[in-house]
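Below is one structure; the comments refer to it alone.
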Amino acid sequence: MTLSVAHLSDPHITTGPAAAAPTAGLRAALDRVLALDPLPDCAVITGDLTERGEPGEYAALREEIDAFPLPLHLVAGNHDAPEALVGGFGGTRFLGGGTLTSYVVEHPAFTVVVLDSWVSGSPGGRLGSGQLARLDRALARRPGVPALVCLHHPPVPVGIPFLDAMGLADGPALAEVVAARPRVVRVLAGHVHRPVTAPFAGSTVAVAPSTYRQSGLVLREGVPGYPDEPPAFLLHVLPGAPAGAAWVTHTVPTAGPGLSRRVRYARPSC
Numbered sequence: 001m002t003l004s005v006a007h008l009s010d011p012h013i014t015t016g017p018a019a020a021a022p023t024a025g026l027r028a029a030l031d032r033v034l035a036l037d038p039l040p041d042c043a044v045i046t047g048d049l050t051e052r053g054e055p056g057e058y059a060a061l062r063e064e065i066d067a068f069p070l071p072l073h074l075v076a077g078n079h080d081a082p083e084a085l086v087g088g089f090g091g092t093r094f095l096g097g098g099t100l101t102s103y104v105v106e107h108p109a110f111t112v113v114v115l116d117s118w119v120s121g122s123p124g125g126r127l128g129s130g131q132l133a134r135l136d137r138a139l140a141r142r143p144g145v146p147a148l149v150c151l152h153h154p155p156v157p158v159g160i161p162f163l164d165a166m167g168l169a170d171g172p173a174l175a176e177v178v179a180a181r182p183r184v185v186r187v188l189a190g191h192v193h194r195p196v197t198a199p200f201a202g203s204t205v206a207v208a209p210s211t212y213r214q215s216g217l218v219l220r221e222g223v224p225g226y227p228d229e230p231p232a233f234l235l236h237v238l239p240g241a242p243a244g245a246a247w248v249t250h251t252v253p254t255a256g257p258g259l260s261r262r263v264r265y266a267r268p269s270c
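Residues 1 to 270 (this note's numbering) make up the sequence shown, in order.
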């Protein structure tokens with residue numbers, strides 16, 4: 001049996017005159033997910049769900065995803081506001097049925113653990129000892145089942161100084177937890193607005209590109225800017241054969257020649 005998880009990130013949904021481009025980017029990504037065969041087992045959006053963390057932006061996001069037919073897990077990013085996120089999605093399937101921005105969803109064949117690395121007033125992130133302890137307990141409950149740990153800020157430097165200056169402050173502490181749980185098959189992150197992979201504590205960090213716009217690959221000091229590069233998402237796959245196959249990650253473009261923009265699921269009108 002093949003397992004797969006669609007990994008989207010950084011849609012930056014907003015309202016008003018600037019809303020069209022990020023909304024179109026998220027729509028194209030969700031449509032592309034639903035064009036995959038077989039369909040993924042679930043999807044994750046690793047943060048910066050909105051541009052300003054305002055209630056109206058979460059309402060706009062909900063209009064786009066409410067009818068999405070697959071399990072979909074939301075992660076808070078530095079552009080988000082956890083209280084407003086819970087206000088818009090608390091008690092729904094998008095936050096694991098609960099009212100916290102850190103939660104666990106136990107799918108039949110794998111576990112998704114969502115962490116909240118948001119820090120008030122800072123573009124950088126931190127998890128804190130409490131979340132890390134809860135992560136360890138969640139991973140211990142199903143030691144033989146693959147787990148994907150999801151957060152916004154990458155726990156390792158990515159080589160872009162501007163972005164590394166606003167990374168995850170307690171990445172080494174997260175590494176200690178992950179290293180003790182060998183069934184963590186991926187640590188999923190966003191924040192960087194471009195695809196990045198790196199080894200991490202016996203697992204692999206996979207940073208998804210943005211569904212909206214990409215950061216420049218600026219490996220020296222300076223602001224990366226937003227070059228004209230296509231939006232995309234990642235697809236993490238455990239092939240069904242041969243036995244003992246490892247998880248692999250594909251980059252899936254969502255815009256470009258030959259890609260349909262046809263809506264594949266019903267959205268409420270507004």
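Cβ atoms here follow ideal geometry from the backbone N, Cα and C, with glycine treated the same way. Note that the structure is predicted; figures quoted are calculated from it, not measured.
Straight-line measurement puts the Cα of Leu234 at about 10 Å from the Cα of Thr254. In the DSSP annotation of this structure, Phe68 is not part of any alpha helix (DSSP H), being labelled neither H nor E. Assignment of Phe94 by DSSP, reduced to helix, strand and coil, places it in the helix class. Ranked by Cα distance from Arg52, the options His12, Val44, Pro239, Arg27 are led by His12. With a 10 Å radius around the Cβ and a threshold of 16 neighbouring Cβ atoms, Arg32 comes out buried. About 21 Å separates the CB atoms of Leu168 and Val5; that is not less than 8 Å, and the two are not in contact. Per DSSP, the continuous beta strand (DSSP E) segment holding Arg186 begins and ends at 184-189.
For Glu54, no alpha helix (DSSP H) run applies, since DSSP gives it neither H nor E. Assigned with DSSP and collapsed to three states, Leu234 falls in strand.
Excluding sequence positions up to five before and after Leu26, its CB lies within less than 7 Å of the CB of Pro11, Ile13, Glu64, Thr211, all in the same chain and listed in chain order.
With three or more CB-CB distances shorter than 8 Å, the stretch 160-179 counts as touching the stretch 190-209. Taking the Cα of Glu106 as reference, the smallest distance to any Cα among Glu83, Val252, Ala138, Pro195 is reached at Ala138. Across the structure, Thr204 and Cys42 are spaced so that their CA atoms are roughly 19 Å apart. The C-alpha of Gly96 is placed about 30 Å away from the C-alpha of Gly244. In the DSSP assignment, Leu26 falls within the unbroken alpha helix (DSSP H) covering 20-34. Non-local C-beta neighbours of Ala29 in its own chain, meaning closer than 6 Å and more than five positions away in sequence, comprise Leu8, Thr211, Phe233, Thr254, ordered along the chain.
The DSSP-derived three-state label of Gly77 is coil.
In the same chain as Glu57, and ignoring 5 residues on each side of it, the C-beta atoms closer than 7 Å to its own belong to Ile13, Thr14, Thr15, Thr50, Glu51, in chain order. DSSP, reduced to helix, strand and coil, places Ser215 outside both helices and strands of the structure shown, so it counts as coil.
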